[in-house]
């Protein structure tokens with residue numbers, strides 16, 4: 032049975048990439064494509080945005096989950112909170128790729144998602160999710176003796192920093208080591224006039240050009256250095272993973288699922 036997918040974030044790079052992935056999937060159908068209120072895209076046919084090979088579908092400003100099997104949401108935190116509540120009230124599964132939530136927003140989001148199947152991830156690519164597993168192994172073996180640094184690079188339009196993926200990598204490391212990321216993360220050393228704090232994890236950020244996404248983690252010890260790096264050359268990798276998660280959620284009982292669940296890594 033064809034999976035009817037509503038995609039939000041029509042004016043964003045990821046929203047458009049997911050829409051293209053859905054259109055190319057013979058087991059899925061783009062049931063709705065939603066732009067933010069006031070967007071110049073609202074009311075236009077998606078063929079003008081995604082090409083004449085796309086189905087004839089008008090971009091809307093309002094998400095409707097009638098005749099929809101799953102929603103894929105790549106927007107902003109405020110929009111995602113509203114979309115998640117709408118999906119939960121209607122019992123429609125939701126895939127969430129939005130990042131940059133505050134602590135209070137995450138608490139609200141988690142409360143909304145209790146009654147529906149959902150998958151929220153900072154990064155939907157297969158490679159990054161395998162990297163989380165590799166980082167956990169490296170942290171268990173080397174973490175106590177290593178100076179750990181995480182660097183990420185993205186295009187100049189990305190708003191949040193460090194990226195959700197970089198933070199998730201740090202979380203994978205501290206979970207494996209039995210520590211708290213909040214206690215060991217260092218995001219700014221400009222005002223710190225002293226040697227590196229033992230056990231800390233440093234974060235650094237690049238915003239430049241059209242970089243899709245690059246993440247590197249260094250485990251540095253005396254005499255050797257291990258680096259685990261993932262580089263995305265196309266948003267198609269993220270879109271394919273998000274669509275895979277959408278297929279996975281179909282028919283699943285209410286609960287929060289991870290990409291590890293989707294990929295069979297959990």
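In our numbering, the protein residues as written are 32 to 297.
The beta-carbon is built from N, C-alpha and C at its ideal position, and this holds for glycine as well.
In this text the structure is predicted, and so the values were computed from the model without any measurement.
Distance from the CA atom of residue 202 to the CA atom of residue 34, rounded to whole angstroms, is 33 Å.
Cβ-Cβ separation between residue 204 and residue 174: approximately 7 Å, consistent with a contact (criterion under 8 Å). As DSSP reads the structure, residue 101 sits in a beta bridge with 36.
Going by C-alpha positions, residue 76 is about 13 Å away from residue 70. For residue 279, the uninterrupted alpha helix (DSSP H) run begins and ends at 267-280, by DSSP. Contact between the region 139-156 and the region 280-289 is present: 3 or more CB-CB pairs across the two stretches fall below 8 Å. Looking at the backbone, the Cα of residue 189 and that of residue 263 are separated by about 15 Å. Between the region 47-62 and the region 88-108 there are three or more C-beta pairs closer than 8 Å, enough to call the two in contact.
Ranked by Cα distance from residue 281, the first of 194, 266, 123 and 237 is 123.
Comparing alpha carbon positions, the residue from 157, 107, 117 and 115 closest to residue 269 is 157.
The beta-carbon separation of residue 183 and residue 258, rounded to 14 Å, does not stay under the 8 Å limit for a contact. Contact check for residue 195 against residue 105 fails: the beta carbons are separated by 8 Å or more. Taken in chain order, the complete alpha helix (DSSP H) segments of 4 residues or longer contained in the region 141-193 are 157-173. Remark: C-beta atoms of residue 92 and residue 108 do not approach each other more closely than 8 Å. Put simply, the backbone Cα of residue 144 is about 29 Å away from that of residue 185. Our two residues, residue 74 and residue 95, have alpha carbons roughly 15 Å apart in a direct line. Taking the Cβ atoms as the reference, residue 139 lies roughly 6 Å from residue 112, within the contact range of under 8 Å. Among the bridge pairs identified by DSSP, residue 60 is matched with 35.
Contact check for residue 250 against residue 169 passes: the beta carbons are separated by less than 8 Å.
DSSP lists 150 as the beta-bridge partner residues of residue 288.
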